[in-house]
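Report on the structure given below.
Number of protein chains: 4
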Amino acid sequence: MTMVATLPTVEVLAAQWRATRDLSVALVASLSDADASAQSMPDASPAKWHLAHTSWFFETFILDGLPGYRRFDDRFGHLFNSYYESVGPRIARHHRGLITRPSLDDVLAYRAHVDAALERHWEALTPEALALVELGINHEQQHQELLLTDILDLFAANPIEPALFPATSIAAIVTPGWTAHAGGIARIGHTGNQFAFDCETPAHDVLLRPFALANGLVNNGDWADFIADGGYKTPSLWLSDGWGWVQREGIAAPLRWRHGQDGWTSFTLAGRRPIDPAAPVTHISFYEADAFASWAGARLPTEAEWEVAAAGTDPFTGNQLDHAGPLAPRGGTSPFGDCWQWTASAFLPYPGFRPAAGAVGEYNGKFMNGQMVLKGASCATPRGSSRASVRNFFYPHQRWQFTGLRLAKDA
Amino acid sequence: MTMVATLPTVEVLAAQWRATRDLSVALVASLSDADASAQSMPDASPAKWHLAHTSWFFETFILDGLPGYRRFDDRFGHLFNSYYESVGPRIARHHRGLITRPSLDDVLAYRAHVDAALERHWEALTPEALALVELGINHEQQHQELLLTDILDLFAANPIEPALFPATSIAAIVTPGWTAHAGGIARIGHTGNQFAFDCETPAHDVLLRPFALANGLVNNGDWADFIADGGYKTPSLWLSDGWGWVQREGIAAPLRWRHGQDGWTSFTLAGRRPIDPAAPVTHISFYEADAFASWAGARLPTEAEWEVAAAGTDPFTGNQLDHAGPLAPRGGTSPFGDCWQWTASAFLPYPGFRPAAGAVGEYNGKFMNGQMVLKGASCATPRGSSRASVRNFFYPHQRWQFTGLRLAKDA
Amino acid sequence: MTMVATLPTVEVLAAQWRATRDLSVALVASLSDADASAQSMPDASPAKWHLAHTSWFFETFILDGLPGYRRFDDRFGHLFNSYYESVGPRIARHHRGLITRPSLDDVLAYRAHVDAALERHWEALTPEALALVELGINHEQQHQELLLTDILDLFAANPIEPALFPATSIAAIVTPGWTAHAGGIARIGHTGNQFAFDCETPAHDVLLRPFALANGLVNNGDWADFIADGGYKTPSLWLSDGWGWVQREGIAAPLRWRHGQDGWTSFTLAGRRPIDPAAPVTHISFYEADAFASWAGARLPTEAEWEVAAAGTDPFTGNQLDHAGPLAPRGGTSPFGDCWQWTASAFLPYPGFRPAAGAVGEYNGKFMNGQMVLKGASCATPRGSSRASVRNFFYPHQRWQFTGLRLAKDA
Amino acid sequence: MTMVATLPTVEVLAAQWRATRDLSVALVASLSDADASAQSMPDASPAKWHLAHTSWFFETFILDGLPGYRRFDDRFGHLFNSYYESVGPRIARHHRGLITRPSLDDVLAYRAHVDAALERHWEALTPEALALVELGINHEQQHQELLLTDILDLFAANPIEPALFPATSIAAIVTPGWTAHAGGIARIGHTGNQFAFDCETPAHDVLLRPFALANGLVNNGDWADFIADGGYKTPSLWLSDGWGWVQREGIAAPLRWRHGQDGWTSFTLAGRRPIDPAAPVTHISFYEADAFASWAGARLPTEAEWEVAAAGTDPFTGNQLDHAGPLAPRGGTSPFGDCWQWTASAFLPYPGFRPAAGAVGEYNGKFMNGQMVLKGASCATPRGSSRASVRNFFYPHQRWQFTGLRLAKDA
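Residue numbers (our numbering), protein chains in the order written: chain A, 1 to 411; chain B, 1 to 411; chain C, 1 to 411; chain D, 1 to 411.
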């Protein structure tokens, strides 16, 4: 949770909250009860679970403390708690797909119950509760992105290869080249008085050497060249753990790429499609991003370099999620959007970092081990939830998110 | 497939077929799309898969050979083939729960399509095709039992613990005691001219020593005594593999038994219920059955002993499945019904056994390794599908079926 | 332990015992301390462990009961107990290779201590103790065979590929063909008044149909034909569990066969050598034996068929182990020797079987699950320890012993 | 490999090299052939392997390039290469314990062969070769520490619990308290013209906030308090991955601690001994170190903080390895010695880092993922191999090294 100096007005906050709550429901409009209940792998969760868990958050941290609130169903805490050890027991993560009841309709009714209760209490909410509403909005926006990538993973596992949305437009053209930065002492981390997650604080100075960032993201055409040049078969390009992963898992291309008579295809939210060489590559792991950078004679940027370079750009720009409809990476000039960009930085606490007290304090600090920071935002990130200071993080082998890369080099 | 000398008339066969097809649909009447799509473990399958696979059987082995038949959906072969290596590729067994589409409604439409097609062709069916219809009926009856036990396993994994049916009646009383048999040369295996699975043939003579079988099944009260006496903590009672399984899996009671303030409960198709001490124990593995028999100073019967003892009893008797409604083991005097009874016999080919040719020939022979024979029938076995010669088989650790035991001893 | 009516005289028993004890030491004459301490896989044990465990047997079951006996080292019970749950704790099986101390010399001193103590007490031994000596001899003979196959497995894992013995002679020629047997009621199991293991009893009648057994063992040339004909790539030849094993483990030839420019080689006790087409194939699993038999249009014999057919042959005949020196399968006319022959029979208790009471009673009964019977004897079986009634047993995937097959068919 | 400006004279280098080569042999003086051949776990290697691999390094990178050099045994490359993908194939790491041949004596002869060859060529060595000698010395010093900790792990797995050395002296007393540091811009990394590993370069400026470091290491008494206070049972103290590790592995104390009637003991190079409350705790993982720091209301230092604080101290001070004899952590005032100290820093490349070209360039860069930096030196680190800039690194769960911690806090 952030150290917030200034909250939006209740009216503004309520409007943001309604828009977020509505978007979640819109995203699942075409899902069946079964689609919403299945879990494709332990890292993923059922869509229904995302819908319920984000409601459980408002119920547990806000509504339960209000006089007269009556829970929708006392058993839902056990079902829809995620990793909050201090709030009680929870179902084993890899068994979430067995919760066929409550149904999708039941979960939508749960959402309506929670929403109606909160609508009745705006005036009664303390500043602390309003700060938790804002946290809950941002939390739900994160789950919206996960919901989309989890559905993508589920549909990819079905031989029928269903599509969630129709196909979308072609790739934008970005002028190749590099933009240099002078380095020196710079301030990173969250500084404004608007919302941020705890891990973005405290803002602090860093010392940077001169560097340059590529103007565009690495694209599918670049990646096909990497494959054709034996990138996945050359151990010297890879980190030791990455090479072990390639060998053990038989990795030879980005997730869900398949090579056929007409070249490479990948599985997308619009079903299986030929890759667009000009669109940003996505669904690659940190290991792959690092190996590609070595092959290209470059490196990944640090999180500080990325943040300093993006500091002047409006985070509302770029290819991000505006509504429940067709989406895909297509490239552009904003550092935000299209895909999350792996950095060379491990996800570790900023100097002086302190987790918030209480259950919400479990939020990010306990994940500060073994994961790498990603910056930017993706085509599945709800517009408005991005900031230059956002620190997304995943394990180096994970790649079911819209993850890609931007090259860096010493200047 | 059996060596059938005499098939029922087409009218009789069609009536059996319609009853079987209807029962499958009736069994899922209260399931949601999500209930029908989830898979609780690799050994189990989604209800939807059972519904579709049994239809795929009729489509593939009968309808595809008829002039003018048009498949419901060409992609279903890949989705709903089970283990027939010779009929083409199939989805990995443990991924069956990811097939959220086709939906339950789609699968019911598939069933209707297959049924209508078969109804149009009764007159055109060759004797070979009619024999395959009979095989398909028996095949579907097996899947009806699996469907029920798989739903039971799924519901047990849900902390909400849903019930499929209301609770049913109390246990019957069986006079304790033993019935002796003289031994000698006896004939076992399928001898009549009605349907049997390939593994029940050929009928052949066996040489038996005098033996006795218990009149009743081991019941829950007996089992609670076994637990109380340290049965699960005494290695000398167990086979070496069984003891390893107990230690590794932390086994201390039948599947889904739980001990609370009011004693033992178990999870049933009617939800969680106190155990009935007089009802037959079920959901035990072969390892447990064997250890219990050792503890009781007895042994398990061989399959030949069981079959010889049951030879004079009408297999339509006993507590078996008549319709889609409440069911539970309750005990009785018939060797058939309540639960499948573990024997001391490995599932191996009978002398002179030959698998049928072609794809259907993959049916049972290839499973003749590492599994143990169970005899009888359970409360979830469709009445009419039982025979004294039936050889059910599972691995010694498996216990999600209605599996129990009857004691034997040397006379 | 057997139901022994007549023991050899003490003199004869003592001579057998000395010969057995000497052979064990002779077998390790060329092993280093490190060779004798390493464990190649969990199924295998270090040579040192075999030497010590067989001595622990005499110490625990005989010497500990004698007045004035002083143990060599009280800690050895923990180190060198095998699977006797009732005799106390033991080191985890897969950690046996970490017992670098006591050294090989220490273990040889332990053997000498045990041997000297027993030599001092022959006159004092009760008939029960003498029966345990006889059991201990047979137990040690089993471990001699394991010691040889475990060393073979260890040396095979070393890229240097050491040899234990020089190479030995070429294969004998066996006239191809089949020998028919009439079937009927026959008696199998141990009947004489000499030593046998508990699992060979009680002798009992079995009912056999007419059958025929191949005169010779399947040889390496036959096996190369099976490979060349796609035997390892044809699922219809395999049991379902066997096919899963082939796929999962990437099995494509007998253990340690390798194909090079000059054809197939295999790793033997004389190092890597070209296969001899006329010598019996060995180091195959039950799955492979069963698939080969299917491919050959035959089947494996049952244990009863094999035993009845071998009844008239002196078990001292055939290619068995006479001394510590070159050994290899070479073929011949005796049913005994060269290799253990997989049967179609599961290792289950004979009718009326009762394990012996006490710790020694753990001997065989608890393994009567999941394993298949092998008959005969191998080139690593100490001559004199064979009987037609011996029931060797291994899991269907195991193949580091000298395991082969003889075909059978219905007559 | 370092960017070395100035090498020692050949005389000095040769003397260092001889001392290092002699120490390795002295360390194994009391090991048997079996002791030296066994591998206790995949992370560890046999002592024999360390002896041979460090010789293989000199042979491969120096001697093979000299005219007239004849290899001791061409097969040793396959056996004793470690992770140099570019130098050819190697035996699977977890199979190193199966290399019972060559024997310890053979390996000592190999060392003598390599040593004699190098002694003959000092004058012929190019500056590049001399730099490789220096690298080889430092490489061998690292393996000396691993050899000791691997033997410790092996002996701990033997129920007999052998000792390598006699017990050693009691703990030193350190005045408790903190030393403050002002922060600001400071230079870290290797700056002198003496040897350093590639990962210590390039030296670069970092920006530090004011901080304080504890004067002493956390000791066993502190750790016993942590245990008694429920440290291992309090999820809020732990990183998420750490808590998963504690639960999955059943971790409840430092490695090899055992609680008996007389309190805690641990297994040491002098066998099992009572813990000394005043001695530094060792054999803890990063997860444990981090949880302890949370419990103590402090944190781990970053690698930069540690290095800046240690900058003024002679790295020859402290409790480090001087000869093959008794050793144990005992505490003191030097930042060097006793145990490696976990930092809060991930092992990542320094700004501007470039791996050396060629095979030796595989040295450290490919491990820059998923591991944490440790600073200082341990009681098993050969004195003379320490520097403030040394970056040791292990995975966060590993704890078979002498690993401990020093607390830090913001000033």
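Glycine included, C-beta positions come from ideal geometry on N, C-alpha and C.
Output, in chain order, the set of chain C residues within a Cβ distance shorter than 9 Å of residue i.
i      : result
B/L269 : Simply none; closest approach about 30 Å.
Looking at the secondary structure, which residues open and close the alpha helix (DSSP H) in which residue i lies?
i      : result
D/D33  : 33–37
A/H143 : 127–156
C/G221 : 220–228
With a cut-off of 8 Å on the beta carbons, I'd call residue i and residue j a contact; round off their distance for me.
i      : j      : result
B/W238 : B/V246 : 7 Å
D/S37  : C/A186 : With 8 Å as the limit, D/S37 and C/A186 do not qualify as a contact, their Cβ atoms being about 52 Å apart.
C/A212 : C/K375 : The Cβ separation is near 16 Å, so there is no contact.
B/I275 : B/R399 : Not quite, the Cβ-Cβ distance comes to about 15 Å (not below 8 Å), so this is no contact.
B/H78  : A/P159 : 5 Å
B/T381 : B/Q320 : 5 Å
A/L407 : A/A296 : 6 Å
B/N369 : C/D43  : Not quite, the Cβ-Cβ distance comes to about 19 Å (not below 8 Å), so this is no contact.
So, residue i versus residue j, is the Cβ gap smaller than 7 Å?
i      : j      : result
C/F402 : C/Q371 : no
C/L132 : C/I62  : yes
A/H445 : A/F72  : Because chain A in this structure spans residues 1 to 411, residue 445 of chain A falls outside the shown range and cannot be described.
C/L207 : B/D205 : yes
D/W223 : D/I137 : no
A/G318 : A/F336 : yes
C/D153 : C/S266 : no
C/E25  : C/A47  : Residue identity check: residue 25 of chain C is Val in the sequence provided, not Glu. It is not a contact, given that the beta carbons lie outside the stated cut-off.
B/W122 : B/V10  : yes
With distances taken Cα to Cα, identify the nearest neighbour of residue i among the options.
i      : options                        : result
C/P355 : C/G260, C/T201, C/V373, C/A380 : C/T201
B/G353 : B/N364, B/G183, B/E128, B/A388 : Per the sequence shown, residue 353 of chain B should be read as Phe rather than Gly. The residue with the shortest Cα to Cα distance from B/F353 is B/N364.
D/G331 : D/G325, D/P277, D/Q144, D/E303 : D/P277
C/T343 : C/A289, C/S385, C/W295         : C/A289
D/L348 : D/Q320, D/F316, D/T302         : D/T302
B/F195 : B/A203, B/E134, B/A214         : B/E134
D/G325 : D/L164, D/A291, D/M368         : D/L164
A/H53  : A/G216, A/I151, A/L147         : A/L147
For a contact defined as C-beta to C-beta under 8 Å, what are the partners of residue i on chain D?
i      : result
A/A167 : The premise fails here: A/A167 is roughly 36 Å from chain D at the closest Cβ pair, so nothing lies under 8 Å.
Looking at the unbroken beta strand (DSSP E) that takes in residue i, where does it start and where does it end?
i      : result
B/A171 : Looking at the DSSP string, B/A171 is not in any beta strand (DSSP E), and its letter there is neither H nor E.
C/H397 : No beta strand (DSSP E) contains C/H397, which DSSP labels as neither H nor E.
B/D205 : 204–208
A/S266 : 263–268
A/F211 : 211–214
Could you tell me whether any non-hydrogen atom of the ligand ADP is closer than 6 Å to the CB of residue i?
i      : result
C/A109 : The ligand ADP is not part of the structure shown, which contains no ligands of any sort.
In chain B, what lies closer than 7 Å to residue i by C-beta?
i     : result
C/R75 : Near C/R75 there are no residues of chain B at all, since even the closest Cβ is about 23 Å away, more than 7 Å.
C/D43 : Those do not exist, as C/D43 stays about 14 Å from chain B at its closest Cβ, beyond 7 Å.
Residues of chain C with CB closer than 7 Å to the CB of residue i, please, in chain order.
i     : result
D/I99 : N158
Using a Cβ cut-off of 7 Å, pull out every chain D residue sitting near residue i, in sequence order please.
i     : result
C/D33 : S32, D33, A34
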